[in-house]
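So the structure is just underneath, and the comments pick up after that.
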Amino acid sequence: MAQTDENHREDVAGRANVEDTPELLAYYDELDGHHTGALWTVANKIEPWEPKSTSVPVLWRYADLREKVLRSVDLVTPEKAGRRVIYFNNPGRTDVSAAVGWIYAGLQVMHPGEKATAHRHSASAIRFIMEGSGAYTVVDGHKMTLGQNDFVLTPNGTWHEHAVEENGTPCIWQDGLDIPFVNAMEANFFEVHPDLSEPVAFAVDDMTKTWGNAGLTPGGGAWDKGYSPMFKYEWDRTYEALNAYASVSDPSPFDGTLMEYVNPTTNGPVMKTLGASMQRLAPSERTKAHRHTGSYLYQVAKGSGHSVINGQRFDWTERDIFCVPSWAWHEHANASASDDAVLFCLNDLPVIRALGLYREEALGENGGHQPT
Ligand code: 1HN
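Residues in the sequence shown are numbered from 1 upward in steps of one, following the UniProt record's numbering.
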């Protein structure tokens, strides 16, 4: 869907359009010798008419990856590896380890009785729990039990460690971090806990039980950190909220029924750099295509269906992961006529919005659908 209108041609007045001559080439060499360059040789590249993501749409099938992730358990220990993770490598990105845009993601596995040491870093992280029982994570002394489809925060600067209880089962979850972004900002610090572990200092799941009570906040409760005090958002209550909202509202033509995870003390994003949402597609629902700035990594929390991303169809089922790069056309469809489908989405919208870079556009052709 290349833009072909007048304003998007490269040879319009006001756009750099200088042809090489032997004299100019010699001049460029001279500039290069002084660590400089002529802007008109790069202007059209560094000022594209519209965002040009180097990330490509990708679907990572859990059916392909699950066995590979589990195999890593026989190959490396968490002690040696630090974290035992298979990360998503967007084929359009060779410069950094990124799933899409400036978002890193991977699948982490831990067996019963294993423990990953405590550390902290400037990057912020989320976990989305995929399978297994007995896993827990400790964030700044707050221990949280991890259940399927729970969404968990590790805000920047917080100590965190993970483990699976002896009587648990192998556990797999998705990690998502703003690592590529924080590295691009050249602001990342990393520290291993001096004791390799952090004591549990509060009642288990206290943050969710304190801050996760719809419409109610603790009396005298004060929280002034730049991230949500609710470190864990449980699936049951998320799904309940989605269904309740869907029962009294019309779905968005582009997003179905979409709810954003928020910091209950501000109603703003859960962390400064990473945001997340959960979106429900009713039985047989098919959304219209739109595009917006920001990078998006989806995980299918429930059901099956397909998405069309920049004209390419991706069929998905539970636990599959796929990405929508910035400014890519996308639309989603639920394959089932009887069950809903639910998509978890990790994104960098807090950054995009805070910097005033959000922009959105609906597709006007073919009744709002992309040709495939
Ligand atoms: C990290 O701290 C974790 O704590 C997982 O589980 C993946 C990838 C890059 C940098 C830090 C974790 C990570 C990570």
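Built from N, CA and C at the ideal position, the CB exists for glycine as well.
DSSP places K143 in the uninterrupted beta strand (DSSP E) bounded by H142 to T145.
Counting only the Cα atoms, E161 lies some 40 angstroms from A289. Contact check between the stretch 135 to 147 and the stretch 76 to 83: fewer than three CB pairs, one atom from each, fall below 8 angstroms, which does not count as touching.
The DSSP-derived three-state label of K52 is coil. For the 9 angstroms CB-CB criterion, Y296 and L355 do not form a contact. DSSP places T208 within a helical segment (H, G or I) once states are collapsed to three. For V192, the closest alpha carbon among the candidates A118, Y104 and D29 is that of A118. Ligand 1 approaches R83 closely enough that one of its heavy atoms is under 8 angstroms from the residue's Cβ. For I103, there is no enclosing beta strand (DSSP E), since its DSSP letter is neither H nor E.
Relative to the non-hydrogen atoms of ligand 1, the Cβ of I129 never comes closer than 8 angstroms to any of them.
In this structure, the C-beta of D175 approaches ligand 1 to less than 8 angstroms from one of its heavy atoms.
Sequence-distant Cβ neighbours of A123 in its own chain, meaning closer than 7 angstroms and more than five residues away, are N156, L177, D178, I179, V182 and N188. Relative to the Cα of D140, the nearest Cα in the group T154, D150 and I129 belongs to T154. Annotation: K288 is outside any alpha helix (DSSP H) and is labelled neither H nor E by DSSP. Restricting attention to E318, F314, N213 and R66, the CA atom closest to the CA of P57 is found in F314. Between the alpha carbons of V308 and G221 lies a distance of about 45 angstroms. The three-state secondary structure of F88, taken from DSSP, is coil. For H193, DSSP records no beta bridge to any residue. Bridge pairing for S277: E260 and C345 [DSSP]. With respect to I126, F88 sits apart: the two C-beta atoms are not nearer than 9 angstroms. The alpha-carbon separation between L258 and G275 amounts to approximately 13 angstroms.
DSSP, reduced to helix, strand and coil, places R83 outside both helices and strands of the structure shown, so it counts as coil. When the five nearest sequence neighbours on each side are left out, the beta carbons in the same chain lying within less than 6 angstroms of the beta carbon of V324 are those of Y296, I309 and H330, in order along the chain. Only residues of its own chain outside the window of five on either side were considered, and among them K288 have a CB closer than 6 angstroms to the CB of P253, listed in chain order.
At a threshold of 8 angstroms, Y136 does not count as near ligand 1, since its beta carbon sits no closer than that to any of the ligand's heavy atoms. Boundaries of the beta strand (DSSP E) around F128: A125 to E131. Beta bridge pairing from DSSP links N334 with G305. Across the structure, A135 and T77 are spaced so that their CA atoms are roughly 17 angstroms apart. If you look at V182, you'll find it in the alpha helix (DSSP H) that goes I179 to A184. Taking the Cβ atoms as the reference, G303 lies roughly 7 angstroms from E318, within the contact range of under 8 angstroms. Residue environment analysis places P218 among the exposed positions, since fewer than 16 neighbouring C-beta atoms fall within 10 angstroms of its C-beta.
Only buried fits M207, as 16 or more other CB atoms lie within 10 angstroms of its CB.
Per DSSP, reduced to three states, the secondary structure at Y227 is coil, with no helix or strand assignment.
Scanning P264, S228 and I172 for the CA closest to the CA of A214 turns up P264.
The stretch 59 to 75 and the stretch 24 to 36 do not touch, with fewer than 3 CB-CB distances between them shorter than 8 angstroms.
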